[in-house]
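The block underneath contains the structure these notes are about, expressed in structure tokens.
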Amino acid sequence: MASKTAPRAPRLTPLTLHDLVDNEDAFFGPGDTYDGQRFDRPSFDGANLTSSDFLECELNGPLLNDAELRGVRFRGTLIKDSFAPIMKGARTSWRDTEVISPRWGSAELYDSSWQSVRIDGGKIDFLNLRAAKIIDLQISDCIIDELDLGGANVTRLALKNCRIGTLDLQQATLKDVDLRTSDFRTLNGVGSMSGAIIDDYQMSLLAPIFAAHLGITVA
Numbered sequence: 362m363a364s365k366t367a368p369r370a371p372r373l374t375p376l377t378l379h380d381l382v383d384n385e386d387a388f389f390g391p392g393d394t395y396d397g398q399r400f401d402r403p404s405f406d407g408a409n410l411t412s413s414d415f416l417e418c419e420l421n422g423p424l425l426n427d428a429e430l431r432g433v434r435f436r437g438t439l440i441k442d443s444f445a446p447i448m449k450g451a452r453t454s455w456r457d458t459e460v461i462s463p464r465w466g467s468a469e470l471y472d473s474s475w476q477s478v479r480i481d482g483g484k485i486d487f488l489n490l491r492a493a494k495i496i497d498l499q500i501s502d503c504i505i506d507e508l509d510l511g512g513a514n515v516t517r518l519a520l521k522n523c524r525i526g527t528l529d530l531q532q533a534t535l536k537d538v539d540l541r542t543s544d545f546r547t548l549n550g551v552g553s554m555s556g557a558i559i560d561d562y563q564m565s566l567l568a569p570i571f572a573a574h575l576g577i578t579v580a
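Encoded structure:
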């Protein structure tokens, strides 16, 4: 009998922030750098933050609706209770960062990069990670209506106790992707699941999808 091989877990760097300086500036512009600062309920609604850097910052309750976040880099940053019905974050870069209890509507984060990031809790209507490069990402206890990983290159991703409506893996490249303990109603791209692990219960639920993909009639 072939032995079961557990996937390698995401390698997450513990986040520790020290000596943060409170930032009460009401103006935010493209290309700015924020280093070692704490923001309390900042409103970035409609702001242009293109190519800005947040380095070892803490953002508490940021309002990000319709903000232009293209190319923004988050490094060693804690983001708590963020709110964004529309999130424009193409080509953003996330590293050594924690996102706690986000409430995002349409999160357009395609072509983004993720390294050693934890997303914990919250609800996301549409998480668009198409063509993203992901290394060491853990998403826990999160409700996601649609998670799009189409064309993404994913290494060490764990979805823990998540409820996902539609999971799209079409043309994704997966390695050490742990889907166990999470529920998803619909799976697209079953032919790209090599490198993922599911549990027996998930296998029973997905059997009709696998059968259809292989052209098997179950009668």
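In the numbering used here, each residue's number is its place in the sequence shown (first place is 1) plus 361. Backbone N, C-alpha and C fix where the C-beta goes; we use that ideal spot for every residue, glycine too. Owing to the predicted nature of the structure, the values given are computational and were not obtained by experimental measurement.
- Residue 486 and residue 391 have their alpha carbons spaced roughly 27 Å apart.
- Considering only 443, 395 and 430, the residue with the shortest C-alpha distance to residue 385 is 395.
- Per DSSP, the continuous alpha helix (DSSP H) segment holding residue 573 begins and ends at 561 to 575.
- For the 8 Å CB-CB criterion, residue 425 and residue 400 do not form a contact.
- With a contact defined as Cβ atoms closer than 8 Å, residue 376 and residue 469 miss out at about 25 Å.
- Positions of the beta strand (DSSP E) runs, each at least 3 residues long and wholly inside the stretch 489 to 517, are given as 494 to 501 and 504 to 509 in order along the chain.
- Rounded to the nearest whole angstrom, the C-alpha separation of residue 568 and residue 453 is 36 Å.
- Residue 554 sits buried, since 16 or more C-beta atoms from the chains shown fall within 10 Å of its C-beta.
- A residue is called buried once 16 or more other Cβ atoms fall within 10 Å of its Cβ, and residue 428 is buried on that count.
- Of the candidates 448, 456, 476 and 516, 448 places its Cα closest to the Cα of residue 488.
- Using a Cβ-Cβ distance cut-off of 8 Å, the stretch 404 to 419 and the stretch 524 to 536 are not in contact, since fewer than three pairs of beta carbons, one from each stretch, lie closer than that value.
- In the structure shown, residue 404 falls within a strand segment according to DSSP collapsed to helix, strand and coil.
- No Cβ-Cβ contact shorter than 8 Å links residue 437 with residue 461.
- Buried is the label assigned to residue 515, since at least 16 other Cβ atoms lie within 10 Å of its Cβ.
- The three-state reading of DSSP puts residue 433 in coil, since its state is none of H, G, I, E or B.
- Exposed is the label assigned to residue 402, since fewer than 16 other Cβ atoms lie within 10 Å of its Cβ.
- In this structure, residue 397 lies near residue 380, with their beta-carbon atoms less than 8 Å apart.
- Residues of the same chain with a CB within less than 7 Å of the CB of residue 374, apart from the 5 flanking positions on each side, are 457 and 477 in chain order.
- Rounded to whole angstroms, the gap between the alpha carbons of residue 442 and residue 471 is 22 Å.
- Cβ-Cβ distances below 6 Å link residue 435 to 415, 455 and 458 in the same chain, with the five nearest sequence neighbours on each side left out; the list follows chain order.
- The alpha carbon of residue 463 has as its nearest neighbour, out of 564, 543 and 500, the alpha carbon of 500.
- Looking from the CA of residue 369, the closest CA among 563, 508 and 519 belongs to 519.
- Per DSSP, reduced to three states, the secondary structure at residue 526 is strand.
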